[in-house]
Amino acid sequence: MPLPALDPDWGQEWAVGGRVTRLDIIDMGYGLEIEGFVKYLPHITELAIACGDFDIKVELARLAALKSLTTLHIPRLRDLGFGYVKLKEEVERAKRQVKRIVRNVFPRLRFLSIEYDGTYDFSTLKTDDVDELDQLASM
28 MPLPALDPDW GQEWAVGGRV TRLDIIDMGY GLEIEGFVKY LPHITELAIA CGDFDIKVEL
88 ARLAALKSLT TLHIPRLRDL GFGYVKLKEE VERAKRQVKR IVRNVFPRLR FLSIEYDGTY
148 DFSTLKTDDV DELDQLASM
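Dropping the structure here:
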């Protein structure tokens, strides 16, 4: 369902009984709609973002109400507001930034899956140290 047609209060209806555990977002709309929608869905455990031009630095914070999130699927790096990353150093820097942003918004997240890159298991981290997070390799 496209978000411009989505009433943020519909989240109340979706929240009934807490049966919805996965949410797929294909359009962030103007951002405020999704922010209003997800505030009623703190029980969502898995989120898949499949929209192009998803500026992770701005848009991910709009989803912070998903407090029970354990698994996050996001688009490839170039669709996350980093532009086209070609050089290996640029790719590695973008991955580090993505992991840090995701960890700040969703500190309880266990799995981060980046399209065409791999899945990161945050549950293997022993500390909250940024260097450990930066060194975390995909599975």
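In our numbering, the protein residues as written are 28 to 166. Ideal Cβ positions, reconstructed from N, Cα and C, are used throughout, including at glycine.
In the three-state scheme derived from DSSP, where H, G and I count as helix and E and B as strand, Thr72 is classed as coil. Using a Cβ distance threshold of 7 Å, Asp158 and Arg123 do not count as a contacting pair. For Asp148, the three-state secondary structure derived from DSSP is strand.
In this structure, Leu90 and Ile128 do not form a Cβ contact; the two beta carbons are roughly 12 Å apart against a cut-off of 8 Å. Assignment of beta-bridge partners to Leu50 by DSSP yields Leu74. Across the set Glu116, Gly63, Gly108 and Tyr147, the C-alpha of Tyr147 shows the shortest separation from the C-alpha of Phe138. Looking at the DSSP output, Thr98 shares a beta bridge with Glu73 and Phe138. The beta carbon of Ser150 is closer than 6 Å to those of Arg137 in its chain, skipping five residues each way along the sequence. At least 7 Å separates the beta-carbon of Ile71 from that of Ile101. In the structure shown, Asp161 falls within a helical segment according to DSSP collapsed to helix, strand and coil. DSSP places Arg130 in the helix class (H, G or I) of the three-state scheme. The alpha-carbon of Val65 is positioned some 11 Å away from that of Leu74.
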